[in-house]
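Residue numbers (our numbering), protein chains in the order written: chain L, 1 to 110; chain W, 1001 to 1113.
Here the structure is laid out as structure tokens; the discussion comes afterwards.
Put into structure tokens, the structure is as follows:
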């Protein structure tokens, strides 16, 4: 399975935008790019996913590079509740059999 | 709508004991899976199922058994617990359809002494 590379940690000030990068240079043509986050002491929760085009939902935006070898999760205005570990995961469209890395731990500074 | 329910939330076992971690979902999802998360690490896939009667191994299946007799339930069995199985266990489900998300339970924290 193709792997992803993310920074171990990032910080953001509250109410400012956050750009979380992910590199996936060995992505296959059928791999979706999924983002999940894990709040402290909770199970992962879905954030967003996409295949080729940029995606927006109520939680975030996903910007996918034209060659699909990297992507960026954008939180438009970070809140304290957004402090979590964010995982970028490649997988087929089934939403199953995910291979998690260590993710990016986001700290939001009041 | 309960989503994915895991029981128990906490469990302490002695080495060599057996137990079953329960996972149930009420969303009529075909796909279910079990992960374990060790401190400071991401989740690792143990076993998964794409429908009732069908299971397969993930990254770290040794020491664990699963079965899927119904769509709703996907129990994880530890036959002879070892301290190395001390971890937080998460169950997940998804419809398996395109463009859908996976739902995770709140986890079971297992300690083997």
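Just so you know, even glycine gets a beta-carbon here, dropped at the ideal spot from N, CA and C.
Which first and last residues belong to the beta strand (DSSP E) in which residue i is found?
i: residue 23 of chain L; result: 18-23
i: residue 62 of chain L; result: 61-64
i: residue 1112 of chain W; result: 1108-1112
i: residue 89 of chain L; result: 84-91
i: residue 50 of chain L; result: 45-50
i: residue 37 of chain L; result: 32-38
i: residue 1077 of chain W; result: 1076-1078
i: residue 1056 of chain W; result: 1054-1057
At a Cβ threshold of 8 Å, is residue i touching chain W?
i: residue 6 of chain L; result: no
i: residue 44 of chain L; result: yes
i: residue 96 of chain L; result: yes
i: residue 29 of chain L; result: no
Any heavy atom of the ligand MN closer than 7 Å to the beta-carbon of residue i?
i: residue 7 of chain L; result: Absence of the ligand MN is noted for the structure shown, with no ligands found whatsoever.
Taking the alpha-carbon positions, what's the residue i to residue j distance?
i: residue 15 of chain L; j: residue 63 of chain L; result: 20 Å
i: residue 1085 of chain W; j: residue 1112 of chain W; result: 7 Å
i: residue 109 of chain L; j: residue 1073 of chain W; result: 41 Å
i: residue 57 of chain L; j: residue 1014 of chain W; result: 46 Å
i: residue 49 of chain L; j: residue 65 of chain L; result: 14 Å
i: residue 1012 of chain W; j: residue 1046 of chain W; result: 20 Å
i: residue 19 of chain L; j: residue 61 of chain L; result: 10 Å
i: residue 103 of chain L; j: residue 9 of chain L; result: 8 Å
i: residue 1059 of chain W; j: residue 1043 of chain W; result: 10 Å
Which one or two residues does DSSP pair with residue i in a beta bridge?
i: residue 1004 of chain W; result: W:1025
i: residue 1036 of chain W; result: W:1044, W:1089
i: residue 11 of chain L; result: L:107
At least one CB of chain L closer than 8 Å to the CB of residue i: is that the case?
i: residue 1096 of chain W; result: yes
i: residue 1101 of chain W; result: yes
i: residue 1064 of chain W; result: no
i: residue 1104 of chain W; result: yes
i: residue 1074 of chain W; result: no
i: residue 1089 of chain W; result: no
Just checking: is the beta-carbon of residue i within a distance shorter than 8 Å of some beta-carbon in chain A?
i: residue 26 of chain L; result: The displayed structure is made up of protein chains L and W, and chain A is not among them.
| task | Give the residues from the stretch 1009-1029 of chain W that approach chain L closer than 8 Å (Cβ to any Cβ), ordered along the chain. | result | none
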